[in-house]
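A short worksheet on the structure shown next.
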Amino acid sequence: MDTTAPPPETDEPDLIVRHSAFEDVLGIVTGTFTVSLGLFLLKTSGAVTGGTAGLALLLSYLGGLPFSVLFFAVNVPFFTLAVWKKGWDFTLRTMAAVALVSALSYLHPLALGNVMLDPLYAALGGNLLAGVGLLILFRHKASLGGFNILALILQERLGWRAGYVQMGLDTAVILTALIVVGPAGVLLSAVGAVLLNLVLALNHRPGRYLGT
Numbered sequence: 044m045d046t047t048a049p050p051p052e053t054d055e056p057d058l059i060v061r062h063s064a065f066e067d068v069l070g071i072v073t074g075t076f077t078v079s080l081g082l083f084l085l086k087t088s089g090a091v092t093g094g095t096a097g098l099a100l101l102l103s104y105l106g107g108l109p110f111s112v113l114f115f116a117v118n119v120p121f122f123t124l125a126v127w128k129k130g131w132d133f134t135l136r137t138m139a140a141v142a143l144v145s146a147l148s149y150l151h152p153l154a155l156g157n158v159m160l161d162p163l164y165a166a167l168g169g170n171l172l173a174g175v176g177l178l179i180l181f182r183h184k185a186s187l188g189g190f191n192i193l194a195l196i197l198q199e200r201l202g203w204r205a206g207y208v209q210m211g212l213d214t215a216v217i218l219t220a221l222i223v224v225g226p227a228g229v230l231l232s233a234v235g236a237v238l239l240n241l242v243l244a245l246n247h248r249p250g251r252y253l254g255t
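Per this note's numbering, the sequence shown starts with residue 44, numbered consecutively.
Structure follows, in structure tokens:
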């Protein structure tokens, strides 16, 4: 019988168990795979989501360029902001995550082919997967770049609430989708984006996760 007592629960910073390099690598790969699979589901339904991922999806519908190219290109300006506001460690992890999502976007069509999914299932399932993937990335000091960095800067410079700025930018992306997906698709996209942010709001909270 194992009689080892479990470690006491504590919020003391010096007792936080940090992720190893292997755990960070595995976490970033897992998170990017999950996000990219979610974006694949969204694309099958013609829906979009918020952030630069949603913007890249929308541009791919409009111009016909591959999502992978557009997603990386859209994020390039935000890498500079990330270095400025978050430092090189976060930025390099984020660049790696963006590159992996771009690369993995080629994998799912090859593995799954042209699948036909119910639009509601695809929109909700895609955003749910994207939210879980982003949560994993956040836990390993990475992100998918984009609007959140800009929102933080505008909050510091102009006093605009970062959450409201992020919401406004996401709303603009989703409303712009009216050009290509129609009202029903925009409604699905909006509901899905709310689900994605709910996943993050309920799980990515201070004090709930001690691994860093």
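All C-beta atoms, glycine included, are put in the ideal place defined by N, C-alpha and C.
Residue i (DSSP reduced to helix, strand or coil)
i      : result
Pro152 : helix
Leu113 : helix
Leu108 : coil
Val72  : helix
Met159 : coil
Lys184 : coil
Thr214 : helix
Val60  : coil
Pro49  : Per-residue confidence for Pro49 stands at a pLDDT of 40, beneath the threshold of 50, marking its modelled position as unreliable; the derived number appears in the next sentence. Here Pro49 sits in coil by DSSP.
Thr219 : helix
Trp203 : coil
Thr87  : helix
Met44  : Its pLDDT being 48, under 50, Met44 is placed unreliably by the model, and the measurement read from it follows with that caveat. Looking at Met44 - three-state DSSP - the assignment turns out to be coil, as it is neither helix nor strand.
Gly93  : coil
Val224 : coil
Gly130 : helix
Gly189 : coil
Best match in the options for proximity to residue i [C-alpha to C-alpha]
i      : options                           : result
Asn118 : Ala64, Phe190 and Lys184          : Phe190
Ser186 : Gly107, Gly130, Leu82 and Met138  : Met138
Ser79  : Ala154, Lys184, Tyr207 and Ala146 : Ala146
Gly97  : Asp67, Leu160, Leu245 and Val223  : Val223
Leu231 : Gly74, Leu105 and Ile217          : Ile217
Arg136 : Thr214, Gly188, Phe76 and Pro120  : Gly188
Pro123 : Ile192, Gly225 and Ala215         : Checking the sequence shown, residue 123 turns out to be Thr, not Pro. It is Ile192.
Met210 : Leu172, Thr92, Ser103 and Val60   : Thr92
Asp213 : Ala194, Gly225 and Gln198         : Ala194
Leu105 : Ala220, Asn240 and Pro226         : Ala220
Leu100 : Leu160, Ser148, Gln198 and Leu197 : Ser148
Leu143 : Val60, Val229 and Gly74           : Gly74
Lys129 : Val175, Ile196 and Ala90          : Ile196
Gly225 : Asp67, Gly89 and Val60            : Gly89
Own chain partners of residue i with C-beta closer than 8 Å, once the 5 adjacent residues on each side are dropped
i      : result
Val158 : Thr87
His151 : Ser79, Leu80 and Phe83
Leu102 : Leu108, Leu113 and Val117
Thr134 : Phe122, Ala125 and Val126
Cutoff 6 Å; reference residue i; Cβ partners in own chain excluding five residues on either side
i      : result
Ile71  : Ala140, His183 and Ala185
Leu172 : Thr77, Leu80 and Gly81
Asp169 : The question names Asp, yet the displayed sequence has Gly at residue 169. Around Gly169: Gly81, Leu84 and Leu85.
Trp203 : Leu197
Three or more C-beta pairs below 8 Å linking the segment 108-115 and the segment 174-182: no
Touch check for the segment 155-173 and the segment 230-248: three-plus C-beta pairs under 8 Å? yes
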